[in-house]
Amino acid sequence: MAAADDLGQVWQDVLGTQPRLSDTALLACAAVALVTVWVRRVWRVTRQVVTIVHEGGHALVALLVGRRLAGIRLHSDTSGVTVSRGRPTGLGMVATAAAGYVAPSVLGLTYAAMLAGGRITALLWLSVGLLAVMLVAIRNAYGVVAVLVTGLGLFVVSWYAPARVQALVAGAFTWFLLLAAFRPLAELQRKRATGRARDSDVDQLSRLTRVPAPVWVAMFALVAAGALVLSVTWLLPVASVRGWSLGG
Numbered sequence: 109m110a111a112a113d114d115l116g117q118v119w120q121d122v123l124g125t126q127p128r129l130s131d132t133a134l135l136a137c138a139a140v141a142l143v144t145v146w147v148r149r150v151w152r153v154t155r156q157v158v159t160i161v162h163e164g165g166h167a168l169v170a171l172l173v174g175r176r177l178a179g180i181r182l183h184s185d186t187s188g189v190t191v192s193r194g195r196p197t198g199l200g201m202v203a204t205a206a207a208g209y210v211a212p213s214v215l216g217l218t219y220a221a222m223l224a225g226g227r228i229t230a231l232l233w234l235s236v237g238l239l240a241v242m243l244v245a246i247r248n249a250y251g252v253v254a255v256l257v258t259g260l261g262l263f264v265v266s267w268y269a270p271a272r273v274q275a276l277v278a279g280a281f282t283w284f285l286l287l288a289a290f291r292p293l294a295e296l297q298r299k300r301a302t303g304r305a306r307d308s309d310v311d312q313l314s315r316l317t318r319v320p321a322p323v324w325v326a327m328f329a330l331v332a333a334g335a336l337v338l339s340v341t342w343l344l345p346v347a348s349v350r351g352w353s354l355g356g
């Protein structure tokens with residue numbers, strides 16, 4: 109009976125809203141997220157989360173455009189690969205190839221909207237649900253472990269942590285996705301400059317569309333910047349931001 113009551117309460121929380129974090133708390137979450145992206149030793153660990161989102165973006169869009177998903181592999185060097193079957197050219201393939209680098213920004217923007225609306229519990233459980241679905245498509249042991257560890261961590265926070273802790277984790281996770289969208293693009297450019305990424309997503313897109321790879325990198329960076337700026341206007345409605353976002 110107690111378990112049923114707990115599940116009922118969780119469901120009510122998922123459908124309901126929770127108190128928003130203060131601007132100070134949100135700024136603190138942003139600072140923590142920046143550290144996890146900026147500090148190299150920490151980034152070596154947290155980058156795996158970006159890879160999970162990146163490959164998940166490829167997989168989701170592949171399914172949405174009618175391709176058949178063959179599987180996802182995640183590796184200990186934080187690289188990954190998503191294999192899907194279908195036409196090797198066309199808009200569906202372009203959308204699938206483009207989805208990876210924009211996925212952290214799009215998910216971060218979605219979470220920012222949820223966070224701004226007080227949908228903190230829903231944000232955390234959506235993350236757990238997405239990871240659970242993704243787990244079915246993982247095709248190697250390391251990938252299973254990486255997704256399980258990430259999912260279990262979020263589950264523990266969602267189920268056991270006090271509401272305040274849940275809100276702080278949701279805030280830090282949202283900022284992390286928004287900020288972390290930039291660093292893989294910089295890393296990609298460095299690799300391309302030394303000829304070590306000739307089969308990267310942007311190089312595949314260049315071959316598919318005849319649009320130069322650096323242009324694709326620039327477009328992905330613009331998406332990341334746009335998502336970050338829009339999220340700031342939602343999450344930090346201080347006087348200067350509010351005045352700018354409303355046109356004065």
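Numbering-wise, this note's numbering comes out as the position in the sequence shown, counting from 1, plus 108.
All residues carry an ideal CB built from backbone N, CA and C; glycine is no exception.
Alpha carbon to alpha carbon, what distance is there between residue j and residue i?
| i | j | result |
| --- | --- | --- |
| Gly226 | Pro196 | 42 Å |
| Ala141 | Ser339 | 14 Å |
| Ala289 | Gln120 | 32 Å |
| Phe263 | Arg298 | 36 Å |
| His166 | Leu215 | 13 Å |
| Ala139 | Arg291 | 16 Å |
| Arg300 | Gly116 | 51 Å |
| Met242 | Val319 | 31 Å |
| Val122 | Arg306 | 44 Å |
| Ala269 | Ala224 | 20 Å |
| Gly188 | Ala240 | 18 Å |
| Trp267 | Arg148 | 31 Å |
| Leu296 | Phe328 | 12 Å |
| Gln312 | Val273 | 42 Å |
| Arg304 | Ala321 | 14 Å |
| Leu88 | Ile246 | Outside the shown range of the chain, which is 109 to 356, sits residue 88, and nothing can be said about it. |
| Val153 | Asn248 | 19 Å |
| Ala275 | Leu238 | 19 Å |
| Gly261 | Ser314 | 38 Å |
| Leu234 | Met222 | 11 Å |
| Gly356 | Leu256 | Note on Gly356: pLDDT 40, under 50, position unreliable in the model; no value is reported. |
Shortest alpha-carbon distance to residue i belongs to which of the options?
| i | options | result |
| --- | --- | --- |
| Leu359 | Ile160, Ala205, Trp233 | Given a span of 109 to 356 for the chain in the structure shown, any question on residue 359 remains unanswerable. |
| Val210 | Leu287, Thr125, Cys137 | Leu287 |
| Thr229 | Gln126, Gly334, Leu172, Thr341 | Gln126 |
| Cys137 | Leu296, Ala280, Ala275 | Ala280 |
| Arg193 | Gln120, Leu199, Leu171 | Leu171 |
| Tyr250 | Arg291, Leu344, Thr159, Val122 | Thr159 |
| Phe284 | Gly261, Trp151, Gly116 | Trp151 |
| Thr186 | Pro212, Val157, Leu168 | Val157 |
| Trp342 | Ser235, Asp131, Val253, Ala139 | Asp131 |
| Gly360 | Val331, Phe328, Ala271, Val169 | A query on residue 360 cannot be resolved here, the shown segment of the chain reaching from 109 to 356 and no further. |
| Gly334 | Leu217, Arg148, Trp146, Val161 | Leu217 |
Within this structure, are the beta carbons of residue i and residue j separated by less than 8 Å?
| i | j | result |
| --- | --- | --- |
| Leu232 | Ala203 | no |
| Gly208 | Val191 | no |
| Leu293 | Val325 | yes |
| Gly174 | Gly200 | yes |
| Glu163 | Leu177 | no |
| Leu134 | Leu344 | yes |
| Ala220 | Thr144 | no |
| Ser213 | Val331 | yes |
Here's the rule: buried if 16 or more other CB atoms are within 10 angstroms of the residue's CB, otherwise exposed. What is residue i?
| i | result |
| --- | --- |
| Gly259 | buried |
| Asp309 | buried |
| Gly351 | Because the pLDDT at Gly351 is just 47, under 50, the model does not fix this residue reliably, and the value given afterwards should be weighed accordingly. Gly351 should be labelled exposed. |
| Thr302 | exposed |
| Arg155 | buried |
| Leu354 | Annotation note: pLDDT 40 at Leu354 (below 50); position unreliable, coordinate value reported separately. By the 10 Å Cβ count, Leu354 comes out exposed. |
| Ser184 | exposed |
| Val252 | exposed |
| Ala254 | buried |
| Val236 | buried |
| Val265 | buried |
| Val244 | exposed |
| Val161 | buried |
Starting from residue i and walking both ways along the alpha helix (DSSP H), at which residues does that stretch end?
| i | result |
| --- | --- |
| Ile160 | 148-172 |
| Ser235 | 228-243 |
| Phe290 | Careful: Phe290 lies outside any alpha helix (DSSP H) and carries neither H nor E. |
| Ala269 | Element bounds for Ala269: n/a, residue is neither H nor E. |
| Thr317 | 309-317 |
| Pro322 | 321-343 |
Taking the beta strand (DSSP E) that residue i falls in, what are its first and last residues?
| i | result |
| --- | --- |
| Arg181 | 176-182 |
| Val202 | First-last for Val202: 199-224, but that is the alpha helix (DSSP H), not the beta strand (DSSP E). |
| Ser192 | 188-193 |
Check whether the Cβ of residue i lies closer than 7 Å to any heavy atom of the ligand NAD, and answer yes or no.
| i | result |
| --- | --- |
| Gly188 | In the structure shown, the ligand NAD is absent, as is every other ligand, since no ligand is present at all. |
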